[in-house]
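**Student:** Those protein sequence lines, which keep their order, are chains A and B. Residue numbers for the first sequence follow the numbering used here, beginning at 1 and rising by one. Residue numbers for the second sequence follow the numbering used here, beginning at 191 and rising by one. Before I ask anything, here is the structure I am working with.
There are 2 protein chains.
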Amino acid sequence: MKAQARVLGIDDAPFRFGDAETEVVGVLVRAPNYVEGVMTTRVAVDGRDATPRLAAMVRRSRFREAIVLLMIDGAALGGFNVVDIQALHEETRIPVVTVTRREPDQASIERALRARFEDGEERLAVLRRQGLTEVPTAHKPLWVSCAGIGVREASAAIRACTVRGALPEPVRIAHIVATAIKRGESRGRA
Amino acid sequence: MKAQARVLGIDDAPFRFGDAETEVVGVLVRAPNYVEGVMTTRVAVDGRDATPRLAAMVRRSRFREAIVLLMIDGAALGGFNVVDIQALHEETRIPVVTVTRREPDQASIERALRARFEDGEERLAVLRRQGLTEVPTAHKPLWVSCAGIGVREASAAIRACTVRGALPEPVRIAHIVATAIKRGESRGRA
Numbered sequence: 001m002k003a004q005a006r007v008l009g010i011d012d013a014p015f016r017f018g019d020a021e022t023e024v025v026g027v028l029v030r031a032p033n034y035v036e037g038v039m040t041t042r043v044a045v046d047g048r049d050a051t052p053r054l055a056a057m058v059r060r061s062r063f064r065e066a067i068v069l070l071m072i073d074g075a076a077l078g079g080f081n082v083v084d085i086q087a088l089h090e091e092t093r094i095p096v097v098t099v100t101r102r103e104p105d106q107a108s109i110e111r112a113l114r115a116r117f118e119d120g121e122e123r124l125a126v127l128r129r130q131g132l133t134e135v136p137t138a139h140k141p142l143w144v145s146c147a148g149i150g151v152r153e154a155s156a157a158i159r160a161c162t163v164r165g166a167l168p169e170p171v172r173i174a175h176i177v178a179t180a181i182k183r184g185e186s187r188g189r190a
Numbered sequence: 191m192k193a194q195a196r197v198l199g200i201d202d203a204p205f206r207f208g209d210a211e212t213e214v215v216g217v218l219v220r221a222p223n224y225v226e227g228v229m230t231t232r233v234a235v236d237g238r239d240a241t242p243r244l245a246a247m248v249r250r251s252r253f254r255e256a257i258v259l260l261m262i263d264g265a266a267l268g269g270f271n272v273v274d275i276q277a278l279h280e281e282t283r284i285p286v287v288t289v290t291r292r293e294p295d296q297a298s299i300e301r302a303l304r305a306r307f308e309d310g311e312e313r314l315a316v317l318r319r320q321g322l323t324e325v326p327t328a329h330k331p332l333w334v335s336c337a338g339i340g341v342r343e344a345s346a347a348i349r350a351c352t353v354r355g356a357l358p359e360p361v362r363i364a365h366i367v368a369t370a371i372k373r374g375e376s377r378g379r380a
């Protein structure tokens, strides 16, 4: 990744039981941590629209030509609204990486998807296809899935955007902004 | 200002004719530009509640003990909702500085306040009491008003939080976030 490349960090806002939709925030960061823009969209809680909503958010952004990487906090937004990162990459022609700090508990995710959704197997198939790789950082490890970019290059991009701790700035700041939009103040989680 | 001191940058969201209120965003930045938190409140468009609303936002923040300076984009939020920075400083016990990139047109502000508000003279009195000083930066100058802090120290704080251009990061990022909350994407103004 080139120095000062633009990375769009994406995270969703917390939601309450019964909410139909939740906010999603994209923060455009010039590596490592210069904020250049913020954009928002909404996704259905536990819905199926995360991939097209993210693609549309990127497409209508005036920054779309400058973004070299989409970096999403986790593999799903708004609960179990799974992001098909391969489809998102093909739609936007921008590489996509998901990052998460906790190793996902695959067994409990499978159980939840099968129990709660008629199309649980389809959602699982998307997650399985994307795989998950542990990536060491100067701090604790991250788990990443990649589309349109190799794990090695994704790790370098994560390093290039990390200032403190393990979480890269685009995702860390997107989390702070998304939480504040919903709650009035972010709680952070560094 | 100590290295890594926390500055809360404050800006309002754009509003439309007829809106009763508009969002106000506070971004807590560890100098020069590490985002630590985001908080929000609302103020009445052309109202009189900016000062107590800001004081309440700061008071309920978990960061309140860490903030060494409030840095507000301009002397009023939500149109002509003038911030009484001396009162805000006394209320929060935190120094306050307003910054603006364009030299305010005092004559047209006076005309507008007198023509549009029964209490226009009171609002003007607050603005006059606060004064306005031109401060050079590496880029273009800024105009600042200070409460609880001298112009020289305020200038140093602005320098300590400036990465590119003239606008310090706390205010620049608050502007980007506030705009995105309202419009779905910030336009920036660097």
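Idealized CB from N, CA, C, for every residue including glycine.
Take Glu-122(A) and list the residues in its own chain whose beta-carbon comes closer than 7 Å to its own, dropping the five residues that flank it on each side.
**Tutor:** Mapped onto the first sequence, residue 122(A) falls at position 122. No residues qualify anywhere along the chain.
**Student:** If the criterion is Cβ atoms closer than 8 Å, does the pair Ile-109(A) and Val-58(A) meet it?
**Tutor:** To locate residue 109(A), count along the first sequence from 1; it is residue 109. To locate residue 58(A), count along the first sequence from 1; it is residue 58. No.
**Student:** Looking only at its own chain, which residues have a Cβ that is under 8 Å from the Cβ of Arg-129(A), when we skip the five neighbours before and after it?
**Tutor:** As a working note, residue 129(A) is residue 129 in the first sequence. Excluding sequence neighbours, Arg-129(A) sits near Gln-86.
**Student:** Per DSSP, what kind of secondary structure is Glu-169(A) in: helix, strand or coil?
**Tutor:** Here residue 169(A) refers to the residue found at position 169 when the first sequence is read from its first residue. Note: Glu-169(A) maps to helix in three-state DSSP.
**Student:** I need the straight-line Cα distance from Gly-9(A) to Val-228(B), nearest angstrom please.
**Tutor:** Looking up residue 9(A) in the first sequence gives position 9. Looking up residue 228(B) in the second sequence gives position 38. Each residue's alpha carbon lies about 16 Å from the other.
**Student:** Since Thr-162(A) contacts Glu-169(A) with CB under 8 Å, what's their CB separation in whole angstroms?
**Tutor:** Residue numbering aside, residue 162(A) sits at position 162 when the first sequence is read from its first letter. Residue numbering aside, residue 169(A) sits at position 169 when the first sequence is read from its first letter. Thr-162(A) to Glu-169(A), Cβ: 7 Å. Contact.
**Student:** Taking Glu-213(B) as the reference, which of Arg-254(B), Ala-350(B), Phe-307(B) and Leu-244(B) has the closest Cα?
**Tutor:** Looking up residue 213(B) in the second sequence gives position 23. Looking at the Cα atoms, Leu-244(B) is the closest of the given residues.
**Student:** Where Leu-127(A) and Arg-48(A) are concerned, what is the direct C-alpha to C-alpha distance, given to the nearest angstrom?
**Tutor:** Residue 127(A) sits at position 127 when you count from the first residue of the first sequence. Residue 48(A) sits at position 48 when you count from the first residue of the first sequence. Each residue's alpha carbon lies about 13 Å from the other.
**Student:** Per the DSSP calculation, Arg-220(B) is bridged to which residue(s)?
**Tutor:** On the second sequence, residue 220(B) is found 30 positions in, with the first residue counted as 1. Answer is Arg-196(B) and Tyr-224(B), bridged to Arg-220(B).
**Student:** Which bits of chain C does Ile-275(B) rub up against, with CB to CB less than 9 Å?
**Tutor:** Of the chains in the structure shown, none is chain C; the protein chains are A and B.
**Student:** Which one of Ala-364(B), Asn-223(B) and Ala-297(B) has the shortest CA to CA distance from Gly-264(B)?
**Tutor:** Here residue 264(B) corresponds to residue number 74 of the second sequence, with the count starting at 1. Looking at the Cα atoms, Ala-364(B) is the closest of the given residues.
**Student:** Can you list, in chain order, the residues of its chain with a C-beta nearer than 6 Å to that of Ala-50(A)? Leave out the 5 residues immediately preceding and following it.
**Tutor:** Counting from 1 along the first sequence, the entry for residue 50(A) is found at position 50. Excluding residues within five positions, the ones whose Cβ falls inside 6 Å are Val-43, Leu-77, Asn-81 and Val-83.
**Student:** How about Val-96(A) and Leu-70(A): do their beta carbons lie closer than 8 Å?
**Tutor:** Indexing the first sequence from 1 puts residue 96(A) at position 96. Indexing the first sequence from 1 puts residue 70(A) at position 70. The answer is yes: Cβ separation under 8 Å.
**Student:** Restricting to runs no shorter than 4 residues, where is the alpha helix (DSSP H) found entirely within the region 245-286 of chain B?
**Tutor:** Correct list: 275-282.
**Student:** Here's a check: name, in chain order, each residue in its chain whose Cβ is nearer than 6 Å to the Cβ of Val-235(B), leaving out the five neighbours to either side.
**Tutor:** Reading the second sequence from its first residue, position 45 is the one you call residue 235(B). Phe-205, Asp-209, Thr-212, Gly-268 and Gly-269.
**Student:** Can you look up Val-367(B) in the DSSP assignment and give me helix, strand or coil?
**Tutor:** As a working note, residue 367(B) is residue 177 in the second sequence. Helix, per DSSP.
**Student:** Could you list which residues in chain A have their beta carbon closer than 8 Å to that of Thr-352(B), in chain order?
**Tutor:** Locating residue 352(B) in the second sequence gives position 162, counting from the first residue. In chain order: nothing, as chain A lies at least about 12 Å away.
**Student:** At 9 Å on the CB atoms, spell out the chain B contacts of Asn-33(A), in chain order.
**Tutor:** Sequence index remark: in the first sequence, residue 33(A) carries index 33 (1-based). In chain order: Asn-223, Tyr-224 and Val-225.
**Student:** Can you tell which of Val-144(A), Val-68(A), Glu-90(A) and Arg-183(A) has its C-alpha closest to the C-alpha of Pro-52(A)?
**Tutor:** By one-based count along the first sequence, residue 52(A) stands at place 52. The option with the nearest alpha carbon to Pro-52(A) is Glu-90(A).
**Student:** Which one or two residues does DSSP pair with Val-341(B) in a beta bridge?
**Tutor:** If you number the second sequence from 1, residue 341(B) lands on position 151. Its beta-bridge partners do not exist; DSSP assigns none.
**Student:** What residue range does the beta strand (DSSP E) around Glu-324(B) cover?
**Tutor:** In the second sequence, the residue the question calls residue 324(B) occupies position 134. Glu-324(B) -> beta strand (DSSP E) spans 323-325.
**Student:** Here's the rule: buried if 16 or more other CB atoms are within 10 angstroms of the residue's CB, otherwise exposed. What is Arg-354(B)?
**Tutor:** Here residue 354(B) is taken as the residue at index 164 of the second sequence, counted from 1. Arg-354(B) comes out exposed.
**Student:** Using DSSP bridges, identify the partner residues of Ser-335(B).
**Tutor:** Here residue 335(B) refers to the residue found at position 145 when the second sequence is read from its first residue. Answer by DSSP bridge pairing, in chain order: Thr-288(B).
**Student:** Alpha carbon to alpha carbon, how far is Thr-323(B) from Glu-293(B)? Give it in angstroms, no decimals.
**Tutor:** On the second sequence, position 103 is the one that residue 293(B) refers to. On the second sequence, position 133 is the one that residue 323(B) refers to. Rounded to the nearest angstrom, the two C-alpha atoms are 10 Å apart.
**Student:** Under three-state DSSP, which class holds Ala-234(B)?
**Tutor:** For the purposes of this step, residue 234(B) is taken as the residue at position 44 of the second sequence. It is a strand residue.
**Student:** Below 8 Å between beta carbons: does that hold for Val-334(B) and Val-289(B)?
**Tutor:** Here residue 334(B) corresponds to residue number 144 of the second sequence, with the count starting at 1. Here residue 289(B) corresponds to residue number 99 of the second sequence, with the count starting at 1. Result yes, Cβ atoms of Val-334(B) and Val-289(B) sit closer than 8 Å.
**Student:** Who are the Cβ neighbours of Ala-66(A) in its own chain at under 6 Å, not counting the five residues just before and after it?
**Tutor:** As a first step, residue 66(A) must be located in the first sequence, where it is residue number 66. Counting only Cβ-Cβ distances below 6 Å, and skipping sequence neighbours, we find Arg-6.
**Student:** Cα separation between Asp-12(A) and Asp-309(B)?
**Tutor:** The residue given as residue 12(A) occupies position 12 in the first sequence. The residue given as residue 309(B) occupies position 119 in the second sequence. Roughly 43 Å between the two C-alpha positions.
**Student:** Return the CA-CA distance between Ile-176(A) and Phe-253(B), expressed in angstroms with no decimal places.
**Tutor:** Taking the first sequence and counting its residues from 1, one reaches residue 176(A) at position 176. Taking the second sequence and counting its residues from 1, one reaches residue 253(B) at position 63. So the two alpha carbons sit approximately 14 Å from each other.
**Student:** Determine the direct distance from the alpha carbon of Leu-314(B) to that of Leu-303(B), and round the result to whole angstroms.
**Tutor:** Taking the first residue of the second sequence as position 1, residue 303(B) is located at position 113. Taking the first residue of the second sequence as position 1, residue 314(B) is located at position 124. Cα to Cα, the separation comes out at about 7 Å.
**Student:** Just to confirm, is the Cβ distance from Val-215(B) to Ala-368(B) under 8 Å?
**Tutor:** What you label residue 215(B) is simply residue 25 of the second sequence in a count that begins at 1. What you label residue 368(B) is simply residue 178 of the second sequence in a count that begins at 1. Yes. Within cutoff.
**Student:** Can you check whether the C-beta of Ala-174(A) is within less than 8 Å of a C-beta belonging to chain B?
**Tutor:** By one-based count along the first sequence, residue 174(A) stands at place 174. By this cut-off, Ala-174(A) is not an interface position.
**Student:** Is Val-316(B) helix, strand or coil by DSSP?
**Tutor:** Mapped onto the second sequence, residue 316(B) falls at position 126. Correct three-state label for Val-316(B): helix.
**Student:** What in chain A is Cβ-close to Gly-374(B), meaning under 9 Å?
**Tutor:** In the second sequence, residue 374(B) corresponds to position 184, counting from 1. Met-39, Thr-40, Thr-41, Met-57 and Arg-60, listed in chain order.
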